[in-house]
DNA sequence: CTATGGACACAACCGTTGGTTGTGGCCGGC
DNA sequence: GCCGGCCACAACCAACGGTTGTGTCCATAG
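Below, the structure is given as structure tokens:
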């Protein structure tokens, strides 16, 4: 099935006859007839009843029409998503389960008319390069890693701190705890596969390890978060860190336990980054939205690396 | 753009390489390469970065991917909408602005997982034939017109009464009234183009006219409700009837006035019709939903034709 | 009843698209 | 430095999709 055929179907349905639809599409009536016939053959149902003065939709055709329109709308958006200039606002988040992901969902709810695309880049270096090249419009990242100050043309503003929680399987020693302190975690195996040295998230966990004497293992291939959750659920000696789910769907069926960490609570600092000269109107809207919805921040009892920009 | 290409793109993105995607799609690697290249050429952007051990998405590719998936989902639903057997529940409503339309929206909100298609048939005769043939699963109609009892195999249940309101332009004599009685409308020109003799809605208005001495004009071609509203808005001497909008969007910008009609309030009686033997599981859900959400009916002060089935 | 015009379907023809096979280049790993 | 995996390019070919020409059906007018 190709969209030209669908477009033809919609045009014919709107016009009420093939001839006019053909004129609109700048093809012959015979071409429209053939396209519709092919579509009907593919679907296995008759879409039009041909009459002496046109063609009108059958019941099947009526049922199909809104779906066809939707198809064209979605195709339109798909093309727009990569159109250079006036494309949807494109924002990088660190992970789909991270807090910025939830923020973007909230932004979308508040501004459903603003076209959005969310991408996930590798690290802040990639993100900054993408921002400077114009490939993306904004990025939620932790700044600023020592030795890597933000370039002059990149602006940033702190957005929120995401508290980390301990994630264990049901058989883990700490599974029953209502909360744990960072000091209690010393000696436990914290497994976070996929940490790549040199990234800003690696720097975050390096600092966390150095300051509280934790042992975080980054060994083994990263098969994705689902595989990670499976392993955590089944391995009594293993735990991992995960951002506190705000409103995200909590993966069910694993018997996993979330345990708040206290004294202090490690928080992952998300800032919004964008290019000084980016004229995208939706970018200003996003910044305003984030500024307006940012809850008053209470840093008491939390920990973040010293290099985090003031907030 | 055709959906085969989109499917190829998604398969390649999922596989991370063209070769494997080609195997999945049962074509050669070269075909996948050509399809992706064509898609990139159409969109004007590069979607993959080719490496020695596969192909990974560019930022544009990442932005495009969810749209591509959505496109395939919508296409799937579009095909399903006309698939014989196990297709979405197909329900006929009398008009898109009518109360049953709102009911179906409420049903969709309550059961977003149930696939729905709403169609608009000509009259109850067509609807009953469509129900008996299996082309539709249910219909909201007014029953039972004199001389046309429902066939044995069609079941029906009263659902709701839709109060009619008077619709006038701002310059109409009654534009400022907070409400009008049916008696007051005698002598005023009520214009309802598109009424076709022999239909059940014509029978309804025939009875309304006969009982209260109104004059309803059905003259002139029916150019659709938008054209109707335009004319009503601009013509001081003309008014029309329209169902009371429950939560529908009220057409703005015309300066139109809605005026409740009282003593009595004419109500249009909607019943749900379906085939005795229809096994569609969603049909039972719809009936249960309607039964549960039907507000307690108060027929006091309302008018409907005598032939309406008891409620 | 017939003539006419409008609208769609069918047939023949043909260019372009999209597939295959064959081959070459590039990169990473052994 | 060779080998293997993966992708791109070229040549070839079938099939799809378009056009022109023609036939059929139906509604309307004479």
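Residue numbers (this note's numbering), protein chains in the order written: chain A, 4 to 314; chain B, 4 to 314.
All C-beta atoms, glycine included, are put in the ideal place defined by N, C-alpha and C.
Just to confirm before moving on: does the CB-CB distance between residue i and residue j stay below 9 Å?
| i | j | result |
| --- | --- | --- |
| residue 273 of chain B | residue 242 of chain B | no |
| residue 5 of chain A | residue 63 of chain B | no |
| residue 74 of chain B | residue 78 of chain A | yes |
| residue 146 of chain A | residue 136 of chain A | no |
| residue 214 of chain A | residue 196 of chain A | no |
| residue 185 of chain A | residue 260 of chain A | no |
| residue 297 of chain A | residue 163 of chain A | yes |
| residue 271 of chain A | residue 102 of chain A | yes |
| residue 174 of chain A | residue 262 of chain A | no |
| residue 95 of chain A | residue 202 of chain A | no |
| residue 68 of chain B | residue 16 of chain B | yes |
| residue 168 of chain B | residue 246 of chain B | yes |
| residue 210 of chain A | residue 91 of chain A | no |
| residue 212 of chain B | residue 264 of chain B | no |
| residue 285 of chain A | residue 114 of chain A | yes |
| residue 312 of chain A | residue 161 of chain A | yes |
| residue 151 of chain A | residue 165 of chain A | no |
In whole angstroms, what separates the C-alpha of residue i from that of residue j?
| i | j | result |
| --- | --- | --- |
| residue 310 of chain A | residue 198 of chain A | 19 Å |
| residue 7 of chain A | residue 57 of chain A | 21 Å |
| residue 153 of chain B | residue 239 of chain B | 41 Å |
| residue 93 of chain A | residue 288 of chain A | 13 Å |
| residue 46 of chain B | residue 98 of chain A | 27 Å |
| residue 280 of chain A | residue 88 of chain A | 14 Å |
| residue 41 of chain A | residue 112 of chain B | 35 Å |
| residue 35 of chain B | residue 18 of chain B | 12 Å |
| residue 282 of chain B | residue 194 of chain A | 52 Å |
| residue 44 of chain A | residue 37 of chain A | 10 Å |
| residue 301 of chain B | residue 123 of chain B | 28 Å |
| residue 138 of chain A | residue 9 of chain B | 22 Å |
| residue 176 of chain A | residue 233 of chain A | 17 Å |
| residue 218 of chain A | residue 231 of chain A | 18 Å |
| residue 144 of chain B | residue 187 of chain B | 29 Å |
| residue 208 of chain A | residue 39 of chain A | 60 Å |
Below 8 Å CB to CB, which residues in the same chain sit around residue i once its five sequence neighbours on both sides are set aside?
| i | result |
| --- | --- |
| residue 20 of chain B | 56, 57 and 58 |
For residue i, count neighbouring Cβ atoms within 10 angstroms of its own Cβ and tell me buried if that reaches 16, exposed if not.
| i | result |
| --- | --- |
| residue 11 of chain B | buried |
| residue 149 of chain A | exposed |
| residue 24 of chain B | buried |
| residue 52 of chain A | exposed |
| residue 156 of chain A | exposed |
| residue 107 of chain A | buried |
| residue 48 of chain B | buried |
| residue 189 of chain A | exposed |
| residue 29 of chain A | exposed |
| residue 54 of chain A | exposed |
| residue 134 of chain A | buried |
| residue 76 of chain B | exposed |
| residue 206 of chain B | buried |
Within a Cβ cutoff of 7 Å, which residues of the same chain sit near residue i, ignoring the five residues on either side of it in sequence?
| i | result |
| --- | --- |
| residue 251 of chain A | Unreliable positioning characterises residue 251 of chain A in this predicted model, as indicated by a pLDDT of 49, which lies under 50. The coordinate reading is nonetheless provided below. Answer for residue 251 of chain A: 100 and 105, listed in chain order. |
| residue 60 of chain A | 16, 50, 51 and 68 |
| residue 278 of chain A | 134, 135, 156 and 157 |
| residue 258 of chain A | 172, 173 and 236 |
What residues in its chain sit with their C-beta under 6 Å from that of residue i, if we drop five residues either side in the sequence?
| i | result |
| --- | --- |
| residue 109 of chain B | none |
| residue 306 of chain A | 267 and 269 |
| residue 244 of chain B | 167 |
| residue 180 of chain A | 262 |
| residue 27 of chain A | 14 |
Tell me, to the nearest whole angstrom, how far the beta carbon of residue i is from that of residue j; I am working on the premise that it is less than 8 Å.
| i | j | result |
| --- | --- | --- |
| residue 66 of chain A | residue 120 of chain B | 4 Å |
| residue 81 of chain A | residue 118 of chain A | Not quite, the Cβ-Cβ distance comes to about 11 Å (not below 8 Å), so this is no contact. |
| residue 172 of chain B | residue 235 of chain B | 5 Å |
| residue 85 of chain A | residue 276 of chain A | The Cβ separation is near 22 Å, so there is no contact. |
| residue 22 of chain B | residue 32 of chain B | 5 Å |
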